[in-house]
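Taken in order, the sequence shown gives residues 1 to 399; the numbers are from the working numbering.
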Amino acid sequence: MNFDHILIRYGEISTKGRNRRIFVDRLKRNIKEVLADFPGLDYEGTRDRLYLHLNNERHEEIIERLQYVFGIQSFSLAIKCESDINIIKEKALEAIKSLYQRHDTFKVTAKRANKQFPLDTNELNYQIGSHILINTEDLTVDVKNPTINLRVEVRKEATYLTCYDYKGAGGLPVGSSGKGMLLLSGGIDSPVAGYLSLKRGVELEVIHFFSPPYTSERAKQKVIDLTKELTVFGGSIKLHIVPFTAIQEKIQAQVPENYTMTSTRRMMLKIADILREKQQALALITGESLGQVASQTLESMVAINDVTSTPILRPLITMDKLEIIEIAKQIGTHDISVRPFEDCCTIFTPASPKTKPKLEKVSRFESFVDFDELVMEAVNRVETMIITKNKEDEFSHLF
Ligand code: ATP
Ligand code: MG
């Protein structure tokens with residue numbers, strides 16, 4: 001059958017009152033970006049729907065990609081026709097004929113958005129249903145559990161016929177909630193935190209702390225690959241690689257061993273916050289989960305968080321490791337995360353980090369060193385690249 005449209009139903013957007021315009025525009029923009037290599041498509045947005053006119057573009061790949069776009073509740077292949085009962089009946093029959101197999105059952109679910117239309121829903125169901133029954137063999141009606149539910153939506157400007165709903169990714173359109181900086185290690189957790197933030201509409205830039213020669217190019221590649229996986233959900237992402245060796249060596253030399261972890265995290269946050277401000281983002285995002293490791297106790301968070309008053313989003317804070325792993329597998333980051341390459345923290349991890357560090361103590365230890373200068377030096381030597389699904393364009397030393 002010739003499906004000529006895809007009908008896209010918005011998710012939570014529908015409830016967003018006055019912000020709806022922003023949400024819809026953003027969603028439309030994101031869909032256009034994802035489908036940029038289908039030049040034939042026409043887009044027509046209404047208050048609660050977006051119609052993609054396929055203009056003979058092949059729909060299989062489009063359907064595949066739409067399933068990753070946040071802000072979509074569901075979508076369907078559709079046939080558009082004139083709101084004329086005879087034409088509707090013919091199109092409905094055509095649709096069913098191309099789909100049904102022997103012993104299938106069906107029902108018609110009509111919806112009349114245009115109240116001026118001369119037939120009400122019952123009459124529509126009846127007329128379309130009987131036209132199908134008369135003109136097919138071996139097909140029966142089942143209103144409770146049909147194999148094919150033919151939905152007929154009669155609107156003023158046109159009627160749309162659909163047979164099957166694809167589930168959308170839910171959430172909010174990426175970018176509709178502002179921008180956040182994701183601290184991405186090579187581990188399992190932070191990519192999942194990035195994914196969940198994208199899902200709530202946060203546009204991401206990524207920050208990675210890199211400590212050559214303690215960490216290798218392969219560790220960096222891992223972070224590039226993880227970022228690339230995240231681009232599936234929201235388009236290209238800026239990745240900032242921060243040279244962190246000098247700071248880590250200084251911490252090792254100057255801070256008592258059981259406080260090195262706390263200090264390391266504080267320096268990471270300080271740098272991330274400077275980059276956030278430069279890039280005009282509103283929040284920092286980490287993959288922390290309460291109690292998972294020494295640096296993720298509430299006491300640690302008090303000592304670490306003290307360096308900034310910027311909101312820190314921790315989407316995984318109450319999740320169990322197994323739940324996080326489950327999501328990582330679903331979004332395709334798990335296998336990359338478990339590649340056995342070192343990251344800067346595992347290498348410098350002390351044997352017994354303080355699980356209840358004291359803010360006064362860590363501040364005092366740090367006060368003997370001019371960390372601010374090292375922090376600014378690291379910021380000035382940040383290497384930034386843009387990661388897209390297929391290529392990374394590197395333009396170093398953006399700042
Ligand atoms: P992950 O699996 O994300 O590495 P984790 O459970 O190993 O998390 P930690 O190593 O304590 O936890 O790191 C906590 C968070 O700090 C990470 O989720 C990440 O957001 C950030 N982080 C840690 N190391 C780095 C790094 N090298 N670069 C950027 N962010 C980092
Ligand atoms: Mg880690």
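Glycine included, C-beta positions come from ideal geometry on N, C-alpha and C.
Practice problem: Assign residue 181 to one of two classes, buried (16 or more other C-beta atoms within 10 Å of its C-beta) or exposed (fewer than that). | Solution: Counted from its first residue, the sequence shown places residue 181 at position 181. The residue in question, residue 181, is buried, as its Cβ has 16 or more Cβ neighbours within 10 Å.
Self-check item: Own chain partners of residue 122 with C-beta closer than 7 Å, once the 5 adjacent residues on each side are dropped
Solution: As a working note, residue 122 is residue 122 in the sequence shown. For residue 122, where only same-chain residues beyond five positions count, there are no Cβ hits under 7 Å.
Practice problem: Drop a sphere of 10 angstroms on the beta-carbon of residue 335, count the other beta-carbons inside from all chains shown, and report buried for 16 or more, exposed for fewer. | Solution: Here residue 335 refers to the residue found at position 335 when the sequence shown is read from its first residue. Residue 335 should be labelled exposed.
Practice problem: Jot down the residue ranges of each uninterrupted beta strand (DSSP E) in the stretch 192-246, minimum 3 residues, whole runs only, in chain order. | Solution: 203-210 and 237-243
Practice problem: Determine the closest residue to residue 241 out of 307, 145 and 386, with distance taken between C-alpha atoms. | Solution: As a position in the sequence shown, residue 241 is number 241, starting the count at 1. That would be 386, whose Cα lies nearest to the Cα of residue 241.
Exercise. Take the Cβ of residue 134 as the centre, count every other Cβ of all protein chains shown within 10 Å, and call the residue buried at 16 or more, exposed below.
Key: Residue numbering aside, residue 134 sits at position 134 when the sequence shown is read from its first letter. Residue 134 comes out exposed.
Exercise. For residue 293, verify whether its CB is less than 7 Å away from any heavy atom of the ligand ATP.
Key: In the sequence shown, the residue the question calls residue 293 occupies position 293. Yes; taking the cut-off as 7 Å, the Cβ of residue 293 has a heavy atom of the ligand ATP nearer than that.
Quiz item: If you count every other CB in all the chains shown that lies within 10 Å of the CB of residue 203, and 16 or more means buried, which is it?
Solution: Residue numbering aside, residue 203 sits at position 203 when the sequence shown is read from its first letter. Residue 203 should be labelled buried.
Self-check item: Cβ distance (whole Å) where residue 110 is taken to contact residue 128 below 8 Å
Solution: Numbered from 1 along the sequence shown, position 110 holds the residue referred to as residue 110. Numbered from 1 along the sequence shown, position 128 holds the residue referred to as residue 128. Correct: roughly 7 Å between the Cβ atoms.
Exercise. May I ask which residues mark the beginning and end of the alpha helix (DSSP H) holding residue 329?
Key: Residue mapping note: residue 329 aligns to position 329 of the sequence shown, counting from 1. First-last of the alpha helix (DSSP H) with residue 329: 321-331.
Quiz item: Which ranges does the alpha helix (DSSP H) cover as unbroken runs of at least 4 residues, wholly within the stretch 1-86, from first to last along the chain?
Solution: 20-34 and 59-66
Quiz item: Going by the beta-carbon positions, is the gap between residue 208 and residue 239 smaller than 8 Å?
Solution: Residue mapping note: residue 208 aligns to position 208 of the sequence shown, counting from 1. Residue mapping note: residue 239 aligns to position 239 of the sequence shown, counting from 1. Yes, these two residues count as a Cβ contact at 8 Å.
Quiz item: Taking all protein chains shown into account, do 16 or more other C-beta atoms lie within 10 angstroms of the C-beta of residue 191, making it buried, or fewer, making it exposed?
Solution: Within the sequence shown, the letter at position 191 stands for residue 191. Counting Cβ neighbours within 10 Å, residue 191 comes out buried, since at least 16 surround it.
Quiz item: Are there three or more Cβ pairs, one per stretch, closer than 8 Å when the stretch 61-77 is compared with the stretch 28-35?
Solution: yes
Quiz item: Where residue 200 and residue 132 are concerned, what is the direct C-alpha to C-alpha distance, given to the nearest angstrom?
Solution: The residue labelled residue 200 in the question sits at position 200 within the sequence shown. The residue labelled residue 132 in the question sits at position 132 within the sequence shown. Residue 200 and residue 132: Cα-Cα distance of roughly 43 Å.
Quiz item: For residue 184, is the beta carbon positioned less than 7 Å from some heavy atom of the ligand ATP?
Solution: The sequence position of residue 184 within the sequence shown is 184, counting from 1. Answer for residue 184: yes, Cβ within range of the ligand ATP.
Exercise. Return yes when the Cβ of residue 374 is within less than 8 Å of the Cβ of residue 250, no when it is not.
Key: Counting from one through the sequence shown, the residue named residue 250 turns up at place 250. Counting from one through the sequence shown, the residue named residue 374 turns up at place 374. Contact: yes.
Quiz item: Which partner residues does residue 259 have in the DSSP bridge list?
Solution: What you label residue 259 is simply residue 259 of the sequence shown in a count that begins at 1. Partner(s): none; residue 259 has no beta bridge.
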